[in-house]
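Numbering (our numbering), first residue to last: 222 to 344.
Take a look at the structure set out below.
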């Protein structure tokens, strides 16, 4: 039986990274904050504003995730996996679709994420 300290112990950085990687592999992507906690939105749109990594190597994604908490300048991140490539981006959330599209086009993105419908919107 676990003692109280073990039960109340916060998740380790390694377990958070494992969770993010599993969600990326299973669901195709995930949004999270600089403390590596999953973030979900009921509506609005998530838009990438800066690519951090783009690699076909899972270890590159894992290494980048290990470095994320030192970057307190951005509070929303996202991973996604498409056609054998892992992506890690800093993101923003906006309520308005037109604003999301404008931001995405300014950053040469090909899609935004519709949070309400839980789907990608190609540009």
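C-beta atoms are modelled at their ideal positions from N, C-alpha and C, and glycine is treated no differently.
Check: Shortest alpha-carbon distance to residue 268 belongs to which of 297, 274, 244, 289?
Finding: 297
Check: Counting along the chain, where does the alpha helix (DSSP H) carrying residue 245 start and finish?
Finding: 234-248
Notebook entry, point to check: On the three-state DSSP scale, how would you describe residue 224?
Noted result: At residue 224, the pLDDT of 38 sits below 50, so the modelled position is not reliable and the matter cannot be decided from this model.
Checklist line | Assumed close pair residue 300, residue 257 - CB separation to whole angstroms, cut-off 8 Å | finding: In fact, because the Cβ distance is near 11 Å, the residues do not count as touching under 8 Å.
Check: According to the Cβ coordinates, are residue 317 and residue 272 closer than 8 Å?
Finding: no
Check: Any idea which residues DSSP pairs residue 284 with across the strands?
Finding: Looking at the DSSP assignment, residue 284 forms no beta bridge with any residue, so it has no partner.
Check: Which residues in the same chain have their Cβ closer than 8 Å to the Cβ of residue 315, if we skip the five residues on either side of it in sequence?
Finding: 265, 266, 268, 321, 324
Margin query: Residues in the same chain with beta-carbon distance under 7 Å from residue 302, minus the five sequence neighbours each way, listed in chain order, please.
Written below: 245, 246, 249, 250
Checklist line | Closest by C-alpha distance to residue 259, when choosing among 276, 286, 329 | finding: 286
Notebook entry, point to check: In terms of alpha-carbon separation, which member of 232, 344, 338, 263 lies closest to residue 332?
Noted result: 344
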